[in-house]
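Undergrad:
Number of protein chains: 2
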Amino acid sequence: MSLKLHGISMSTCSKRVGIILHEKRIPFTLVPVDFASGQHKSPEHLKIQPFGQVPILEDDGFFLFESRAISKYLATKYAALGTPGLVPDFKDLKAAAKFEQASSVESFDFEAVASPILVDGFFAKFKNPAHIPDQAFINKQAETLEGKLDGYERILTKQKYLAGDNITVVDLFHLPHATLLPAVLGKDLLDNEKRPHVAKWWKELQARPSWAAVKDGVNSTERYD
Amino acid sequence: MSLKLHGISMSTCSKRVGIILHEKRIPFTLVPVDFASGQHKSPEHLKIQPFGQVPILEDDGFFLFESRAISKYLATKYAALGTPGLVPDFKDLKAAAKFEQASSVESFDFEAVASPILVDGFFAKFKNPAHIPDQAFINKQAETLEGKLDGYERILTKQKYLAGDNITVVDLFHLPHATLLPAVLGKDLLDNEKRPHVAKWWKELQARPSWAAVKDGVNSTERYD
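Note that the protein sequences, when read in sequence, are chains A and B. Everything in the first sequence is counted per the working numbering, starting at 125 for the first residue and increasing by one. Everything in the second sequence is counted per the working numbering, starting at 125 for the first residue and increasing by one.
Structure representation (structure tokens):
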């Protein structure tokens with residue numbers, strides 16, 4: 125029985141899970157959620173996602189929300205498929221701890237800083253075409269992000285990926301939002317010669333076939349050839 | 125050999141780990157980091173915390189940063205001590221997935237919304253006593269937080285805690301920041317009769333002896349009587 129991903133083809137959080145589905149070569153059916161008609165705030169949807177968001181995974185009666193939790197679940201359950209080692213062996217206490225450390229870095233040193241830039245500078249205009257971004261706020265967030273990327277450079281000078289020398293879901297989690305930043309900031313802060321290790325890491329992530337498969341929209345995938 | 129926590133007695137993130145150390149009854153030594161002299165931005169500190177933050181755990185030569193990662197590591201390593209079940213059995217794939225889901229809820233539906241309120245409304249004045257909070261921004265964030273707490277109510281109507289019917293580190297992670305919100309907002313959004321399950325959960329968390337032990341500052345603890 126095929127996995128179902130309740131989501132939106134162009135949603136960045138649906139793409140985050142889409143990347144992992146493609147890395148692990150897991151067939152799935154995208155079940156569209158109709159935001160235009162308010163389906164995401166309906167009682168039926170709130171039963172499976174209490175915050176009225178997407179995506180939600182449906183795996184033979186088991187429902188799970190939050191894109192990062194879904195990704196980690198899939199990478200654990202399908203450890204033997206596709207790209208190996210996207211999550212650590214949780215019996216290895218120190219490897220699991222370094223993975224959790226990297227997860228928090230992505231959440232609080234990247235996403236928490238980058239997301240407000242995108243909310244005001246990119247997503248707001250879709251809800252309200254007359255929205256004028258707060259440039260002073262965006263500049264301040266971008267400056268904070270530069271400082272955070274200096275921390276990323278310190279990490280990636282010592283190891284190839286955020287959790288160690290193996291690529292994990294945490295590295296891939298950056299793709300949906302970091303690729304949108306240049307549209308707001310006019311330049312790609314992650315691709316800067318003053319942080320050569322970050323730039324190399326970032327170029328490699330963008331070249332993954334999994335990103336090519338979902339960046340223009342997540343679609344149901346019956347099989348991988 | 126005693127664990128070392130490199131941190132600051134009054135730092136909210138150091139308190140987050142302090143709660144877990146007390147719940148698990150783990151002796152530890154607080155090693156103060158001197159922010160006043162800029163120690164957190166020194167080359168020595170950046171080697172163990174690439175973003176120049178606190179806290180950092182030192183466990184017999186193993187260094188780990190990020191308060192949530194440290195907390196999960198300690199709750200896993202010392203599963204047999206103190207409060208049981210603060211992290212799930214990671215061999216139980218679905219229980220682990222529900223725990224990850226709850227972790228993301230805390231990170232993105234609570235922390236990402238609450239933290240900007242505290243940064244502008246509470247912490248900024250310590251760096252710059254002349255800082256005037258942006259009340260319009262704070263009001264907008266508070267409105268978003270109210271919507272998120274409606275999601276919390278939907279979860280806690282169905283189960284006792286965020287990851288299921290057992291308290292986990294994720295519930296406890298709310299304490300350091302959520303207890304500061306009333307000082308900015310003039311009321312406690314988490315203690316509201318229109319969300320009775322959230323209010324009950326929140327009162328119970330604040331009554332934990334572990335919170336009483338660290339709320340006025342984290343201190344080295346040689347033993348638990």
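C-beta: ideal position from N, C-alpha, C; glycine also.
With residue 170/B and residue 181/B assumed to form a contact (beta carbons below 8 angstroms), what rounded beta-carbon distance in angstroms separates them?
TA: That pair is no contact at about 17 angstroms.
Undergrad: At what residues does the beta strand (DSSP E) containing residue 313/A begin and finish?
TA: Here residue 313/A belongs to no beta strand (DSSP E), and DSSP marks it neither H nor E.
Undergrad: Tell me which residues of the stretch 169 to 199 of chain B have at least one Cβ-Cβ distance to chain A shorter than 7 angstroms, keeping chain order.
TA: Answer in chain order: 170, 174, 175, 186, 188, 189, 190, 192, 193, 196 and 197.
Undergrad: For residue 227/A, which residues from the same chain have a beta carbon less than 6 angstroms from its beta carbon, with the 5 sequence-adjacent residues on both sides left out?
TA: So the list reads 294, once near-sequence residues are dropped.
Undergrad: Should residue 276/B and residue 233/B be called a contact, given that it needs their Cβ atoms to be closer than 9 angstroms?
TA: Contact: yes.
Undergrad: Would you tell me roughly how many angstroms separate the C-alpha atoms of residue 224/B and residue 338/B, rounded to the nearest one?
TA: When rounded, the distance between both Cα atoms is 26 angstroms.
Undergrad: What do you get for residue 141/A, buried or exposed, if any count of 16 or more other CB atoms within 10 angstroms of its CB means buried?
TA: The residue in question, residue 141/A, is buried, as its Cβ has 16 or more Cβ neighbours within 10 Å.
Undergrad: Using a beta-carbon distance cut-off of less than 7 angstroms, what residues from the stretch 276 to 293 of chain A approach chain B?
TA: Answer in chain order: 278 and 279.
Undergrad: At a cut of 8 angstroms, does the stretch 304 to 321 of chain A reach the stretch 125 to 144 of chain B through at least three beta carbon pairs?
TA: Touching, no, given that fewer than three Cβ pairs across the two stretches are closer than 8 angstroms.
Undergrad: Report the option in 175/B, 131/B, 137/B and 133/B whose CA atom is closest to the CA atom of residue 269/A.
TA: When each option's Cα is compared against that of residue 269/A, the closest is 175/B.
Undergrad: List the DSSP bridge partners of residue 285/B.
TA: Answer is 288/B.
Undergrad: In chain B, what lies closer than 8 angstroms to residue 237/A by C-beta?
TA: Per Cβ cutoff of 8 angstroms: no residues; residue 237/A is ~10 angstroms from chain B at best.
Undergrad: Entirely within the stretch 206 to 245 of chain A and at least 4 residues each: give me those alpha helix (DSSP H) ranges in chain order.
TA: Runs of the alpha helix (DSSP H) inside the stretch 206 to 245 of chain A: 217 to 228 and 236 to 242.
Undergrad: Please classify residue 297/B: is it buried, with 16 or more other beta-carbons within 10 angstroms of its beta-carbon, or exposed?
TA: That one is buried.
Undergrad: Alpha carbon to alpha carbon, how far is residue 211/A from residue 197/B?
TA: Approximately 16 angstroms between the Cα atoms of the pair.
Undergrad: When burial is assigned at 16 or more other CB atoms within 10 Å of the CB, is residue 148/B buried or exposed?
TA: Buried: at least 16 other Cβ atoms inside 10 Å.
Undergrad: Could you tell me the distance, in whole angstroms, from the CA atom of residue 143/A to the CA atom of residue 156/A?
TA: If you take the alpha carbons of residue 143/A and residue 156/A, they lie about 17 angstroms apart.
Undergrad: Contact check, residue 342/B vs residue 131/B under 8 angstroms by CB: the rounded distance?
TA: Correct: roughly 7 angstroms between the Cβ atoms.
Undergrad: Would you say residue 249/A reaches chain B, if we count a Cβ-Cβ gap shorter than 9 angstroms as a contact?
TA: Output row for residue 249/A: interface = no.
Undergrad: So residue 179/A and residue 191/A are supposed to be a Cβ contact under 8 angstroms. How far apart are they, rounded?
TA: Right, the Cβ-Cβ distance comes to about 6 angstroms (below 8 angstroms), so this counts as a contact.
Undergrad: Since residue 264/A contacts residue 255/A with CB under 8 angstroms, what's their CB separation in whole angstroms?
TA: Actually they do not touch by this definition, with Cβ atoms about 18 angstroms apart.
Undergrad: When you compare each of 134/B, 205/B and 291/B to residue 332/B by their alpha carbons, which one comes out closest?
TA: Residue 291/B is the option with its Cα nearest to residue 332/B.
Undergrad: Could you tell me the alpha carbon to alpha carbon distance between residue 202/B and residue 217/A, rounded to whole angstroms?
TA: Each residue's alpha carbon lies about 11 angstroms from the other.
Undergrad: Looking at residue 299/A: is its Cβ nearer than 9 angstroms to the Cβ of residue 329/A?
TA: Yes. Within cutoff.
Undergrad: Can you have a look at residue 336/A and say buried or exposed, based on whether 16 or more other CB atoms are within 10 angstroms of its CB?
TA: With fewer than 16 other Cβ atoms within 10 Å, it is exposed.
Undergrad: Can you pull out the residues from the stretch 215 to 234 of chain A whose beta carbon lies closer than 9 angstroms to at least one beta carbon of chain B?
TA: Cβ contacts with chain B come from 215, 217, 218, 220, 221, 222, 223, 224, 225, 226, 227, 228, 229, 231, 232 and 233.
Undergrad: Are there 16 or more other CB atoms within 10 angstroms of the CB of residue 267/A, so buried, or fewer, so exposed?
TA: Result: exposed.
Undergrad: Under 9 angstroms, Cβ to Cβ, is there at least one residue of chain B near residue 333/A?
TA: False, the Cβ-Cβ gap to chain B never drops below 9 angstroms.
Undergrad: Is the beta carbon of residue 222/B closer than 9 angstroms to that of residue 350/B?
TA: Residue 350/B is absent from the structure shown; chain B starts at 125 and stops at 349.
Undergrad: For residue 194/A, which residues in the same chain have their Cβ closer than 6 angstroms to its Cβ, ignoring the five residues on either side in sequence?
TA: Taken in chain order, the residues that qualify are 141, 181 and 188.
Undergrad: So which of 237/B, 244/B, 146/B and 163/B has the shortest CA-CA distance to residue 253/B?
TA: Per the Cα distances, 244/B.
Undergrad: Answer yes or no: does any C-beta atom of chain A fall closer than 9 angstroms to that of residue 271/B?
TA: Closer than 9 angstroms: yes.
Undergrad: If you run the structure through DSSP and keep just helix, strand and coil, what is residue 304/B?
TA: Reduced to three states, the DSSP call for residue 304/B is coil.
Undergrad: Output the distance between the C-alpha atoms of residue 152/A and residue 345/A, rounded to the nearest integer angstrom.
TA: When rounded, the distance between both Cα atoms is 5 angstroms.
Undergrad: In the DSSP assignment, what are the bridge partners of residue 183/A?
TA: Paired residues: 186/A.
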